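Report on one structure; see the data block that follows.
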Amino acid sequence: MSQQLIREITQQYLRNDIPEFRPGDTVRVNVKIKEGNRERIQAFEGLVIKRRGSGISETFTVRKISYGIGVERTFPVH
Numbered sequence: 011m012s013q014q015l016i017r018e019i020t021q022q023y024l025r026n027d028i029p030e031f032r033p034g035d036t037v038r039v040n041v042k043i044k045e046g047n048r049e050r051i052q053a054f055e056g057l058v059i060k061r062r063g064s065g066i067s068e069t070f071t072v073r074k075i076s077y078g079i080g081v082e083r084t085f086p087v088h
């Protein structure tokens with residue numbers, strides 16, 4: 011009973027406009043950054059190295075090389 015209830019509640023938060031991607035794909039993620047009362051969009055482009063979880067808690071990790079240093083960042087899918 012509770013699993014069904016959780017599934018019904020989280021279903022409304024799942025996005026269906028996200029294109030399919032897998033580890034090994036190159037993606038660009040636009041991130042909204044708030045600094046005080048200012049907002050800006052920063053692009054983070056790199057290689058998807060893992061995708062973890064399912065449903066509303068699904069995440070993916072992107073790795074890029076910035077000035078010779080490897081940078082990894084994890085984003086929620088939904």
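All you need for the numbering used here is the position in the sequence shown, starting with 1, plus 10. C-beta atoms are modelled at their ideal positions from N, C-alpha and C, and glycine is treated no differently. Keep in mind the model is a prediction, meaning the values are calculated, not measured.
> Given V81, which residues of its chain have a CB within under 6 Å of its CB, disregarding the five upstream and five downstream residues?
Replying inline: Taking the first residue of the sequence shown as 1, we reach residue 81 at position 71. The answer, listed in chain order, is K74.
> Should the segment 20-38 be regarded as contacting the segment 63-78, the criterion being three or more beta carbon pairs within less than 8 Å?
Replying inline: yes
> Can you name, in chain order, every residue of its own chain whose Cβ lies under 8 Å from the Cβ of I59, other than the five neighbours on each side?
Replying inline: In the sequence shown, the residue the question calls residue 59 occupies position 49. These residues qualify, in order along the chain: P33, T71, V72, R73, E82.
> On the three-state DSSP scale, how would you describe S67?
Replying inline: For the purposes of this step, residue 67 is identified with residue 57 of the sequence shown, where counting begins at 1. Helix at S67.
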